[in-house]
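Residue numbers (the working numbering): 7 to 597. We put the CB at the ideal spot given by N, CA and C, even for glycine. Just so you know, these numbers come straight off a predicted model, no measurement behind them. The block underneath contains the structure these notes are about, expressed in structure tokens.
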Ligand code: ADP
Ligand code: TPW
Ligand code: MG
């Protein structure tokens with residue numbers, strides 16, 4: 007930073023009152039404010055007016071990871087937020103860059119992950135008069151509905167308080183996305199360095215613990231007391247909270263079976279004897295008391311009602327959530343516990359001990375037996391050696407890899423690729439599985455893999471449908487540039503859901519859901535200096551993944567999957583609207 011350096015030199019030794027004072031500016035106050043609050047990484051795409059902000063941040067010792075597209079930088083920031091409980095920072099240019107980042111900001115908010123989107127913006131006076139500035143857009147108003155909070159910083163002296171507000175908004179209560187609008191002119195504003203330093207704000211206790219009220223705990227224990235077939239559902243809010251020890255204690259002391267939502271897998275190992283993942287249908291249908299821990303009764307749990315949940319009114323819910331408004335969102339919550347997961351779970355453990363809650367041994371045995379039987383059925387399918395490989399053959403290999411190397415982080419997206427990997431690949435450690443989240447968004451894979459590698463330093467395997475990968479594939483260059491230990495495994499079935507679709511008009515255009523057959527995605531990785539492999543058998547796949555994990559080199563394994571192996575929309579085909587006339591019009595639809 008030459009500004010302060012030269013000013014200091016001039017000042018040195020003279021001690022005169024009128025010597026030039028050390029100066030700072032908007033650029034450096036932003037950097038200092040982030041660093042003061044323990045934020046040391048920015049996920050970024052450079053351009054006017056924030057190119058130099060990225061440069062200076064790097065010069066000041068921050069890790070600045072430059073992406074090829076803001077959406078991926080944004081997904082990376084949001085996943086960094088999920089993994090670290092600190093807001094992930096995404097930095098973009100004005101209008102188009104801002105809009106590219108906005109999808110990720112909305113996705114972060116939807117998933118309850120803390121993230122701050124910092125976008126440069128053009129001249130306020132010109133924007134407000136719509137006079138056509140470079141990349142003109144009223145970004146603040148546009149961002150507002152997509153995030154928890156949106157702020158604009160008009161003066162350098164406000165940077166400290168604005169960044170403090172942004173951080174607290176992102177991580178307190180229910181975490182989410184925050185937008186921070188940075189007009190370019192403000193970055194160049196000069197301030198006296200000592201005055202500037204005084205404007206910085208360190209956020210004290212940014213996500214204050216929220217303990218549940220004793221009567222709410224007593225109510226929950228009452229409900230537990232009456233349970234014969236209880237169930238604990240762990241969600242990604244529980245994974246986020248990092249109260250891993252308390253959660254394990256609750257599960258093991260209560261003796262209740264537990265069902266992890268996809269990103270809560272690994273809070274306790276999937277191989278834990280109380281894990282009910284392989285007996286999901288049974289426990290959802292038959293449980294009489296369900297304790298939701300940082301999980302919502304949204305579409306992913308059929309809204310807590312309907313056939314999947316058994317006879318209407320057969321359940322009582324206890325729900326732990328930081329957000330009081332989540333209670334009764336879909337069904338009646340008999341015992342709401344509003345607070346952070348760690349505090350609520352600890353309170354339950356204490357209450358349980360006082361009131362002598364006994365493990366439901368018979369029920370647990372029933373669940374365990376069902377899970378074992380289902381896993382046994384699956385085991386044979388995972389060992390098949392079909393060529394082309396089906397999902398089971400390829401995932402049988404990856405399941406073994408993750409069993410042998412449980413410290414590896416799994417990133418997962420696609421339709422069949424997602425649904426099958428979620429149920430087949432066991433996760434042993436908390437926050438070691440990152441996927442499409444609440445929206446089921448495609449394209450999160452590369453940003454998530456990059457963030458996971460940067461934030462944890464661990465090996466990452468990204469298991470990607472070929473379509474999913476296409477939304478973010480250019481970031482393999484970023485993976486190579488930063489030499490990250492990321493192994494991308496593409497389940498290449500030549501298309502969306504399946505690779506054997508037909509054009510029902512009989513015309514020459516390909517079907518809407520298919521891609522160029524046998525595309526060589528592996529060569530994309532090679533183009534940037536990484537390792538590429540095209541594999542067609544389980545043995546080849548196993549060798550290639552193990553090599554990638556041992557070498558920690560950027561690797562892309564293009565795994566050929568039978569184009570006919572997948573189902574339309576994977577496990578959620580039932581959510582597609584139906585056309586009553588299609589069967590009559592298109593003979594092919596009857597297949
Ligand atoms: P899943 O998809 O795994 O079921 P959701 O994203 O639907 O999980 O739910 C996560 C829930 O966790 C949200 O309702 C959110 O308010 C809540 N939550 C997030 N962080 C915490 C926390 N630290 N303590 C308690 N609840 C939390
Ligand atoms: C941002 C809709 C859901 S799943 C999917 C799409 C396009 C791709 C499935 O094919 P893939 O997996 O990845 O090859 P597989 O194994 O079944 O063949 N745009 C966004 N998000 C979503 N969810 C979609 C579109 C979709
Ligand atoms: Mg596919």
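Does residue 325 pass the burial test, meaning 16 or more other C-beta atoms within 10 Å, or should it be called exposed? With 16 or more Cβ atoms within 10 Å of its Cβ, residue 325 is classed as buried.
Fully enclosed by the region 520-586, which alpha helix (DSSP H) runs are 4 residues long or longer? The qualifying runs are 527-533, 544-557.
If you draw a straight line from the alpha carbon of residue 468 to that of residue 221, how long is it in whole angstroms? One Cα belongs to residue 468, the other to residue 221, and the distance between them is close to 45 Å.
Within the present structure, is the beta-carbon of residue 300 separated from the nearest heavy atom of the ligand ADP by less than 7 Å? Yes; taking the cut-off as 7 Å, the Cβ of residue 300 has a heavy atom of the ligand ADP nearer than that.
Status (buried if at least 16 other CB within 10 Å, exposed otherwise) for residue 161: Answer is exposed; the Cβ neighbour count stays below 16.
Can you list, in chain order, the residues of its chain whose CB lies under 7 Å from that of residue 673, leaving out five sequence neighbours each side? The question about residue 673 has no answer here: the residues shown for the chain are numbered 7 through 597.
Report buried or exposed for residue 427, applying the criterion of at least 16 other Cβ atoms within 10 angstroms of its Cβ. Residue 427 should be labelled buried.
Terminal residues of the continuous beta strand (DSSP E) containing residue 441? Its beta strand (DSSP E) spans residues 439-441.
Beta-bridge pairing of residue 50 - partner residues as DSSP gives them: 72, 97, per the DSSP bridge assignment.
Option in 554, 523, 545 with minimal Cα separation from residue 538: The residue with the shortest Cα to Cα distance from residue 538 is 554.
To the nearest whole angstrom, what separates the beta carbons of residue 341 and residue 229, a pair I think is in contact under 8 Å? Beta-carbon to beta-carbon, residue 341 and residue 229 are separated by about 5 Å, close enough to satisfy the 8 Å threshold.
Measure from the alpha carbon of residue 165 to the alpha carbon of each residue in 187, 28, 139, 344, then state which is nearest. Answer by Cα proximity: 187.
Please state whether the Cβ-Cβ distance between residue 218 and residue 345 is less than 8 Å. Yes, they are a contact pair.
Can you tell me which of the three DSSP states residue 123 falls into? It is a strand residue.
Would the C-beta of residue 152 count as close to the ligand MG, meaning under 7 Å from any of its heavy atoms? With a threshold of 7 Å, the Cβ atom of residue 152 does not count as near the ligand MG, since no heavy atom of the ligand is closer than that.
Using the DSSP secondary-structure output, state which residues sit across from residue 246 in a beta bridge. According to DSSP, residue 246 shares a beta bridge with no other residue.
Same chain only: Cβ atoms within 6 Å of residue 7, ignoring 5 sequence neighbours per side: Confidence in residue 7 is poor, its pLDDT being 37 and thus under 50, which makes the residue's placement unreliable; the coordinate value appears in the next sentence. Taking residue 7 as the centre and dropping the five residues before and after it, the same chain places no C-beta closer than 6 Å to its C-beta.
Using the Cβ count rule (16 or more neighbours within 10 Å means buried), how would you classify residue 113? When all chains shown are included, residue 113 counts as buried.
As a quick exercise: from 311, 123, 240, 357, pick the residue whose alpha carbon is nearest that of residue 600. As displayed, the chain neither begins before 7 nor continues past 597, which places residue 600 out of reach and without an answer.
Own chain partners of residue 388 with C-beta closer than 8 Å, once the 5 adjacent residues on each side are dropped: So the qualifying residues of the chain are 398, 399, 401, 402, 405, 430.
Can you name the residues that DSSP bridges to residue 418? Residue 418 has 441, 469 as its beta-bridge partners, per DSSP.
Count the other CB atoms, across all protein chains shown, that sit within 10 Å of the CB of residue 499; report buried if there are 16 or more and exposed otherwise. Classification for residue 499: buried.
Are residue 118 and residue 107 close, meaning C-beta to C-beta below 8 Å? With contacts defined by Cβ atoms closer than 8 Å, residue 118 and residue 107 do not form a contacting pair.
Look at residue 120 and residue 51 and say whether their C-beta atoms are less than 8 Å apart. The criterion of a C-beta distance shorter than 8 Å is not satisfied by residue 120 and residue 51.
Can the beta-carbon of residue 296 be found less than 8 Å from the beta-carbon of residue 347? The answer is no: Cβ separation not under 8 Å.
Measuring alpha carbon to alpha carbon, tell me which residue in 481, 543, 503 is nearest residue 533. Here the closest residue by C-alpha is 481.
Within 10 angstroms of its Cβ, does residue 25 collect 16 or more other Cβ (buried), or is it exposed? By the neighbour-count criterion, in which a residue is buried when 16 or more other Cβ atoms sit within 10 angstroms of its Cβ, residue 25 is exposed.
Excluding sequence positions up to five away, which residues of its chain have a Cβ less than 7 Å from the Cβ of residue 16? Its pLDDT being 46, under 50, residue 16 is placed unreliably by the model, and nothing is read from it.
What residue range does the alpha helix (DSSP H) around residue 599 cover? Residue numbering for the chain in the displayed model covers 7 to 597; residue 599 lies beyond these limits and cannot be assessed.
Excluding the 5 residues preceding and the 5 following residue 12 in the sequence, name in chain order all residues of the same chain whose CB lies nearer than 6 Å to its CB. Legend: pLDDT at residue 12 = 44, less than 50; position of this residue unreliable, no value from coordinates given.
In chain order, which continuous runs of the alpha helix (DSSP H) of length 4 or greater are located wholly inside the region 112-184? Taken in chain order, the complete alpha helix (DSSP H) segments of 4 or more residues contained in the region 112-184 are 130-134, 145-149, 165-177.
May I ask you to report which of helix, strand or coil DSSP gives residue 496? Residue 496 falls in the strand class under three-state DSSP.
Supposed close pair residue 466, residue 409 - CB separation, criterion 8 Å: The Cβ separation is near 17 Å, so there is no contact.
Reference residue 39, options 171, 126, 125, closest by Cα: Of the candidates 171, 126, 125, the one whose C-alpha sits nearest the C-alpha of residue 39 is 171.
At a cut-off of 7 Å, is residue 528 close to the ligand TPW when judged by its beta-carbon and the heavy atoms of the ligand? No, Cβ of residue 528 sits at least 7 Å from all heavy atoms of the ligand TPW.
How big is the Cα-Cα spacing for residue 531 and residue 116? Rounded to the nearest angstrom, the two C-alpha atoms are 32 Å apart.
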